[in-house]
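Asks: Everything in the sequence shown is counted per numbering that gives the first Met the number 0, starting at 0 for the first residue and increasing by one. All residues carry an ideal CB built from backbone N, CA and C; glycine is no exception. Okay, here's the structure, questions in a sec.
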Amino acid sequence: MSSPANHVQLIGRLTADPNLRTSPSDKAICEMRLAVDGLGGKDTVGYINVSCWNAAGEACARQLTKGWAVAVCGELRIVPWRTEQRSGTDVAIPFASVKFLTAPRTRTENPVSDPAPEQTAAEVRF
Numbered sequence: 000m001s002s003p004a005n006h007v008q009l010i011g012r013l014t015a016d017p018n019l020r021t022s023p024s025d026k027a028i029c030e031m032r033l034a035v036d037g038l039g040g041k042d043t044v045g046y047i048n049v050s051c052w053n054a055a056g057e058a059c060a061r062q063l064t065k066g067w068a069v070a071v072c073g074e075l076r077i078v079p080w081r082t083e084q085r086s087g088t089d090v091a092i093p094f095a096s097v098k099f100l101t102a103p104r105t106r107t108e109n110p111v112s113d114p115a116p117e118q119t120a121a122e123v124r125f
């Protein structure tokens, strides 16, 4: 179980379509990047790598696209990385639970005259 000090809940928008892959042990893994307003200070945007596994990962890959607003919960981790030229760290939430909030608006939608409720989907857990 994760430490309460490391457990985070964030709301943000996907920066790209999710990437679904399979682990060496044949588990589905959905990887996403989340843009979170105010993360790192006022008027800034922070970026978090999020992954969810198995049926939850498959559901995220099937339903979500760039621009979706989602809420994620999980343990915050700092992940070091290195290439030949550079090194650094990423902030990640592996094994996250994800709640779908709102789909991105299409360019043809008119926010003033569109009385329809926003599209939502159920929470997915692994």
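DSSP state of residue 14, grouped into three classes?
Replies: Taking the first residue of the sequence shown as position 1, residue 14 is located at position 15. DSSP places residue 14 in coil when its eight states are reduced to three.
Asks: When you compare only the Cα positions, how much space is there between residue 149 and residue 66?
Replies: Since the first residue of the chain shown is 0 and the last is 125, residue 149 is not available in this structure.
Asks: Quick check on residue 40: buried or exposed, where buried means 16 or more other Cβ atoms within 10 Å of its Cβ?
Replies: Along the sequence shown, one-based indexing puts residue 40 at 41. By the neighbour-count rule (16 or more Cβ atoms within 10 Å), residue 40 is not buried but exposed.
Asks: Is the beta carbon of residue 64 less than 8 Å from the beta carbon of residue 16?
Replies: Taking the first residue of the sequence shown as 1, we reach residue 64 at position 65. Taking the first residue of the sequence shown as 1, we reach residue 16 at position 17. Cβ atoms of residue 64 and residue 16: closer than 8 Å.
Asks: Relative to the C-alpha of residue 99, which residue among 24, 33 and 46 is closest?
Replies: Against the sequence shown, residue 99 aligns to sequence position 100. Here the closest residue by C-alpha is 33.
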